[in-house]
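Structure first, then comments.
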Amino acid sequence: MAPLSWRHHTLLQALLSRGPLSERDFHALFSAISGGKNPATHRHLFNDTLLKINKELAYLQFELRAGINQYDGTVYYGVVNNIADEESKLGSKFSVPQIAFYKGLLEAIVHEAGNDGSITNIDALNTRIENQVVIADASQGSQSRLPTSITNFSLSQKEKTLNELIQDRWLSYTPTGKIGLGIRSFLDLRSWLRSNDIPSCEVCNEACIKASSCPNEGCNVRIHVYCLKKKFSQRKASRACGCGTEWPRLEGEDDGAEDVNEPEEDQVPSANQHSRTRRRGVKSELVEENERAGPSARMTRRSLRSSKAEAVEAAQEVPSAAGPSQSTRASKRRKN
Amino acid sequence: MATVSDDYAQIDISTEEKDKLVAEVMRHVLFKTHQTAGCPIKREELTQIVTKNYRQRVLPALVIKEAGDRLAATFGYEMRELQRTRAPSTRSGRPSQQQVNVDAKSYVLVSKLDPEVYSKYVEHKEAAHVSGFAFVVISIVHLSGGKISEEDLWHQLRRLGLNESDENHPVLGNNKQALELLVQQRYLLKEKLSGPEGHSMMYELAERALDESISGKLKDYISQVVSTSTAAEVD
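Keeping their order, the protein sequence lines are chains Z and G.
Quick note: the first sequence, position 68, residue 68 per UniProt numbering, numbers continuous.
Quick note: the second sequence, position 19, residue 19 per UniProt numbering, numbers continuous.
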């Protein structure tokens with residue numbers, strides 16, 4: 001157990017105290033405590049720092065991970081918990097009906113996955129929570145044996161809970177004013193989303209909650225808007241989908257706005273290329289793949305779907321209060 | 001460190017089993033701290049994590065000690081031990097002599113970071129109103145000689161615009177609950193006293209407010225506030 005330095009402690013305590021931080025804030029914090037070293041120019045040091053932290057956190061089944069808010073493409077960093085146990089249930093400040101309500105909302109939002117990935121305020125408040133509670137004896141009279149806290153969960157309580165979930169960033173208001181997943185859900189439920197039959201992005205292989213679909217109705221290809229911009233940012237890149245259909249231009253997308261000659265991260269000359277690629281595993285796979293994704297990128301194979309039961313079990317988990325939160329590693333990515 | 005491993009060897013427990021217990025205790029402390037907004041965690045709770053599967057009497061102490069060391073090494077948190085002060089409820093209006101119950105040990109997580117670094121990078125600015133309220137209340141009780149009646153405390157808080165009956169304060173929400181949280185967090189001790197005019201509630205400083213790390217800072221801040229306001233009056 002090699003103790004971490006005060007710099008590592010500051011990063012961890014900031015994430016535990018303030019919750020997930022945007023990449024901009026996290027980088028600014030890193031820069032401030034490392035004597036002005038910018039993670040963009042000192043990637044080696046940044047990745048080393050995260051690697052060292054994660055080695056220590058592994059003892060507790062925690063992980064410092066990066067994730068993307070799919071509604072605006074912003075990268076966030078947060079500390080997440082990788083196993084569901086008795087201890088992690090303590091992490092929640094929400095009551096049983098509130099958790100059931102969150103699960104119902106999660107289901108409704110995920111049902112919209114691949115399209116808008118959000119629901120209206122009215123739909124959110126009309127979410128039924130009765131079927132989110134598991135009853136041991138599922139006989140015919142089970143409906144009457146639902147806890148009164150569930151059956152009496154009023155509209156005003158739903159509204160209050162909705163506000164709390166948004167405030168705690170389990171949910172969020174999307175740019176269109178609807179209700180979508182919050183950054184905590186993206187960070188925590190990543191493996192659950194991936195193993196829950198949600199269409200994956202053709203570029204980064206992550207679950208598509210908010211994504212752009214191929215114009216060809218018969219084609220199931222979906223790509224995150226930010227992945228799409230990355231994929232088609234180079235002039236030479238073909239805008240055709242695998243099915244041959246031309247992908248429409250996005251709002252604000254210039255014709256070859258970015259410099260073609262700008263090297264991708266993997267192509268940046270480095271004195272120690274081997275250690276560089278080895279260390280890149282520290283960053284979340286999600287961010288790593290987004291950086292790598294481009295016309296020349298190696299495609300990652302779709303992750304193996306774990307059993308439905310495992311996915312449901314992961315969904316049963318409780319959102320935590322402010323600190324390390326719950327997520328079960330349901331599936332591991334296999335790379336080519 | 002050799003002595004610690006010797007201790008474990010004597011009680012016949014493998015490194016893997018020990019690590020699992022230490023991790024469980026650490027997880028419990030971290031999650032519980034977040035769930036209860038920093039309320040102290042009873043030692044008894046942590047002991048039960050160990051004793052549910054192991055019978056060795058010395059094991060809980062060793063595991064809790066190592067969990068504390070690891071929390072310091074990994075997160076920079078000190079698992080500070082608080083000795084709970086239990087004031088037995090008294091029938092008369094006489095102030096009771098505080099009794100320390102040896103079994104009533106509890107723990108809180110305290111950051112070991114430099115205070116300047118902590119306030120600059122770690123402190124959750126959106127929760128500043130909570131610590132601000134705690135500071136004001138503890139200061140009032142401290143300046144009243146460490147003990148104050150509920151009536152007098154609310155009288156002082158009303159001067160700051162905090163009303164006992166306000167359940168929808170724009171920042172604190174339910175004011176009464178905000179005060180109650182300080183009791184749960186062991187900053188204050190609440191005691192019912194029976195006097196000639198019936199029952200009255202008294203608040204006094206509890207072990208967390210009496211801890212030198214808090215009381216030292218408190219006195220510094222109070223003197224800063226006093227000197228600032230005095231200087232302002234002179235101007």
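The beta-carbon is built from N, C-alpha and C at its ideal position, and this holds for glycine as well.
Only a predicted model underlies this, so the values are computations on that prediction, with no experimental measurement involved.
Taking the alpha carbon of residue i as the point to measure from, which residue in the options has its own alpha carbon closest?
| i | options | result |
| --- | --- | --- |
| C39(G) | S119(G), V137(G), E81(G) | E81(G) |
| P175(Z) | L193(Z), Q157(Z), G117(Z) | G117(Z) |
| F62(Z) | D168(Z), R128(Z), L16(Z) | L16(Z) |
| E164(Z) | R7(Z), W247(Z), S5(Z), K93(Z) | K93(Z) |
| residue 374(Z) | H199(G), L172(G), A128(G), Q48(G) | Since the first residue shown for chain Z is 1 and the last is 336, residue 374(Z) is missing from the structure and cannot be characterised. |
| H169(G) | M79(G), M201(G), S215(G), F133(G) | F133(G) |
| I33(Z) | N69(Z), H9(Z), P20(Z) | H9(Z) |
| E159(Z) | D123(Z), E246(Z), I198(Z), N82(Z) | D123(Z) |
| K176(G) | K32(G), G198(G), V137(G) | V137(G) |
| K229(Z) | I166(Z), F101(Z), P248(Z), E206(Z) | P248(Z) |
| S213(G) | K42(G), V63(G), L71(G), E78(G) | E78(G) |
| F31(G) | E16(G), L71(G), E126(G) | L71(G) |
| A58(Z) | E123(G), A37(G), D166(G), D19(G) | D19(G) |
| Y107(G) | K65(G), S194(G), E167(G) | K65(G) |
| T148(Z) | N121(Z), S212(Z), V96(Z), N54(Z) | V96(Z) |
| C227(Z) | D72(Z), L12(Z), L11(Z), Q13(Z) | D72(Z) |
| Y121(G) | R7(Z), I119(Z), A14(Z), S233(Z) | A14(Z) |
| K55(Z) | V63(G), N53(G), V226(G), A73(G) | A73(G) |
| L113(G) | G78(Z), L12(Z), L181(Z), N196(Z) | L12(Z) |
If you draw a straight line from the C-alpha of residue i to the C-alpha of residue j, how long is it?
| i | j | result |
| --- | --- | --- |
| T49(Z) | E191(G) | 49 angstroms |
| E202(Z) | V22(G) | 42 angstroms |
| D168(Z) | L162(Z) | 10 angstroms |
| Q35(G) | G91(Z) | 5 angstroms |
| G36(Z) | R65(Z) | 23 angstroms |
| G242(Z) | K231(Z) | 13 angstroms |
| V80(Z) | L179(G) | 31 angstroms |
| C204(Z) | H224(Z) | 8 angstroms |
| residue 338(Z) | R24(Z) | With chain Z running from 1 to 336 in the structure shown, residue 338(Z) is simply not present. |
| Q98(Z) | S172(Z) | 16 angstroms |
| P196(G) | A84(Z) | 55 angstroms |
| S191(Z) | K217(G) | 45 angstroms |
| G173(G) | N220(Z) | 48 angstroms |
| E44(G) | K105(G) | 8 angstroms |
| Y118(G) | L51(Z) | 23 angstroms |
| R186(G) | Q83(G) | 11 angstroms |
| F75(G) | L4(Z) | 8 angstroms |
| A100(Z) | L106(Z) | 10 angstroms |
| N121(Z) | I109(Z) | 12 angstroms |
| I13(G) | D69(G) | 19 angstroms |
| A207(Z) | S213(Z) | 13 angstroms |
| L21(Z) | K125(G) | 13 angstroms |
| S131(G) | T15(G) | 41 angstroms |
| I183(Z) | L46(G) | 32 angstroms |
Taking its Cβ as the centre, do 16 or more other Cβ atoms sit within 10 Å of residue i, making it buried, or is it exposed?
| i | result |
| --- | --- |
| P88(G) | Caution applies to P88(G), whose pLDDT of 48 falls short of 50 and renders its modelled position unreliable; the model cannot decide the point. |
| E130(Z) | exposed |
| residue 246(G) | This structure does not reach residue 246(G), given that chain G is present from 1 up to 235, and the question cannot be answered. |
| K19(Z) | The sequence shown places Gly at residue 19(Z), rather than the Lys named in the question. Looking at its Cβ environment, which holds 16 or more other Cβ atoms inside 10 Å, G19(Z) is buried. |
| P215(Z) | exposed |
| N82(Z) | buried |
| R128(Z) | exposed |
| H111(Z) | exposed |
| G177(Z) | exposed |
| S165(G) | exposed |
| S111(G) | buried |
| A61(G) | exposed |
| G104(Z) | buried |
| N152(Z) | exposed |
Go through its chain and collect everything with a Cβ distance to residue i's Cβ below 6 angstroms, but skip five positions before and after it.
| i | result |
| --- | --- |
| L160(G) | none |
| P39(Z) | H27, F30, F46 |
| Q67(G) | As written in the sequence, residue 67(G) is Ala, which differs from the Gln given in the question. Contacts found: V22, V25, M26. |
| V75(Z) | E23, A66, I68, V287 |
| L162(G) | N175 |
| E17(G) | none |
For residue i, I'd like the list of residues in its chain whose CB is within less than 8 angstroms of its CB, leaving aside the five on either flank, ordered along the chain.
| i | result |
| --- | --- |
| I140(G) | I148, L153, Q156, L157 |
| I41(G) | H28, V29, K32, T33, S106, Y107, V108 |
| T245(Z) | C214, P215, N216, C219 |
Ignore the nearest five residues each way along the sequence and tell me which others in residue i's own chain have a CB closer than 7 angstroms to its CB.
| i | result |
| --- | --- |
| Q70(Z) | G117, F186, I209, K210, H224 |
| H129(G) | V171, L172 |
| L155(Z) | L125 |
Stretch-stretch touch, CB-based, cutoff 8 angstroms, three pairs: the stretch 146-160 of chain G with the stretch 200-212 of chain G:
The stretch 146-160 of chain G is in contact with the stretch 200-212 of chain G.
Across the stretch 38-55 of chain Z and the stretch 149-156 of chain G, are there enough close Cβ pairs to call them in contact, namely three or more that are closer than 8 angstroms?
no
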